[in-house]
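Numbering (the working numbering), first residue to last: 26 to 290. Only one structure is covered here, and it is reproduced in the block below.
This is the structure we're talking about:
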């Protein structure tokens, strides 16, 4: 029997199943990887927002990580909600010991505007976590928090990417989904530039988009793809997942992580 690529997500739980650890594991399964998890926080969350969040103790995070990495091993890691400076620092220290691609999704605010990262953790993300990243995948709100730059157009995305690269990641994917028009993202390592364009689907059910994209990139890297190809395939997957997003509860529903199994795509 062939063992599928092993991908580890280090993130928070979304009890509603649309984002966080749940979205990561669904994405990994859909794309042919074996997903594993280190839970950093538990949230009470549904289609209307986040009603509560509780960090796990640092010792619990460290023990989960060592349990998985020391026995099973990993071929790529994706980070999501880390909540506090201490958790960011511990995760960065743990990642220093693995020679595999790391995708950092610098989650700070939920789809509904609920804070998922303490204000005093931003510096730890910049100085401790981003230097560990093979690819960082911030949206424009996260770009503004990390760099102080408000992006309104393509040249602004380029300036923001340069600022983010100065913090140490090998590649940066600046996601321009919050801008009008096409959904345009910029992937760059400071030398190459890849502008990734996709049609904007008229669907408000987009919960979990960022988690899903970052996890899909991690799967591609675990499969041995180069960064530009892993990101291109991930964007194709998440674009179709957005198109298939469905209503759930009274608020914003999730993207459809299983769209391939339902459409034969």
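Note that beta-carbon positions come from the ideal geometry of N, C-alpha and C, so glycine has one too.
Best match in the options for proximity to residue i [C-alpha to C-alpha]
{"i": "residue 93", "options": "209, 213, 31 and 198", "result": "31"}
{"i": "residue 75", "options": "95, 41 and 64", "result": "41"}
{"i": "residue 121", "options": "135, 140 and 158", "result": "158"}
{"i": "residue 82", "options": "109, 97 and 96", "result": "109"}
{"i": "residue 258", "options": "221, 283, 270 and 272", "result": "221"}
{"i": "residue 140", "options": "107, 118, 153 and 117", "result": "107"}
{"i": "residue 251", "options": "182, 214 and 277", "result": "214"}
{"i": "residue 77", "options": "201, 135, 185 and 117", "result": "135"}
{"i": "residue 46", "options": "260, 183 and 240", "result": "240"}
{"i": "residue 143", "options": "184, 182 and 171", "result": "171"}
{"i": "residue 196", "options": "219, 153, 272 and 181", "result": "219"}
{"i": "residue 209", "options": "96, 26 and 260", "result": "260"}
Environment of residue i [buried if 16+ CB atoms lie within 10 Å]
{"i": "residue 216", "result": "exposed"}
{"i": "residue 28", "result": "exposed"}
{"i": "residue 167", "result": "buried"}
{"i": "residue 149", "result": "buried"}
{"i": "residue 230", "result": "buried"}
{"i": "residue 288", "result": "exposed"}
{"i": "residue 131", "result": "buried"}
{"i": "residue 191", "result": "exposed"}
{"i": "residue 57", "result": "exposed"}
{"i": "residue 270", "result": "buried"}
{"i": "residue 43", "result": "buried"}
{"i": "residue 91", "result": "exposed"}
{"i": "residue 201", "result": "buried"}
{"i": "residue 182", "result": "buried"}
Cβ pair residue i, residue j closer than 9 Å
{"i": "residue 199", "j": "residue 253", "result": "no"}
{"i": "residue 86", "j": "residue 123", "result": "no"}
{"i": "residue 275", "j": "residue 133", "result": "no"}
{"i": "residue 211", "j": "residue 179", "result": "yes"}
{"i": "residue 127", "j": "residue 160", "result": "yes"}
{"i": "residue 233", "j": "residue 279", "result": "yes"}
{"i": "residue 62", "j": "residue 89", "result": "yes"}
{"i": "residue 146", "j": "residue 112", "result": "yes"}
{"i": "residue 169", "j": "residue 176", "result": "yes"}
{"i": "residue 98", "j": "residue 65", "result": "no"}
Nonlocal neighbours in the same chain, by C-beta distance under 8 Å from residue i, ignoring five residues either side
{"i": "residue 286", "result": "55"}
{"i": "residue 174", "result": "168, 181, 184, 185 and 188"}
Own chain, CB closer than 6 Å to residue i, minus 5 neighbours either side, in chain order
{"i": "residue 193", "result": "155 and 156"}
{"i": "residue 67", "result": "38 and 79"}
{"i": "residue 264", "result": "223"}
{"i": "residue 165", "result": "176 and 203"}
{"i": "residue 243", "result": "32, 101, 103 and 128"}
{"i": "residue 255", "result": "242, 245 and 246"}
{"i": "residue 284", "result": "265, 266 and 269"}
{"i": "residue 117", "result": "153, 154 and 157"}
Paired residues, beta bridge with residue i - DSSP
{"i": "residue 176", "result": "DSSP, once it has assigned bridges, lists no residue as partnering residue 176."}
{"i": "residue 71", "result": "74"}
{"i": "residue 279", "result": "232"}
{"i": "residue 25", "result": "Here the chain covers residues 26 to 290 and nothing more, so residue 25 does not appear."}
{"i": "residue 214", "result": "Looking at the DSSP assignment, residue 214 forms no beta bridge with any residue, so it has no partner."}
Neighbourhood of residue i by C-beta, 7 Å cutoff - its chain only, sequence neighbours within 5 removed
{"i": "residue 60", "result": "32, 34, 49, 50, 53 and 54"}
{"i": "residue 268", "result": "226 and 228"}
{"i": "residue 282", "result": "48, 51, 52, 55, 237 and 266"}
CB contact below 9 Å: residue i versus chain D
{"i": "residue 104", "result": "In the structure shown, chain D cannot be found, because there is only a single protein chain."}
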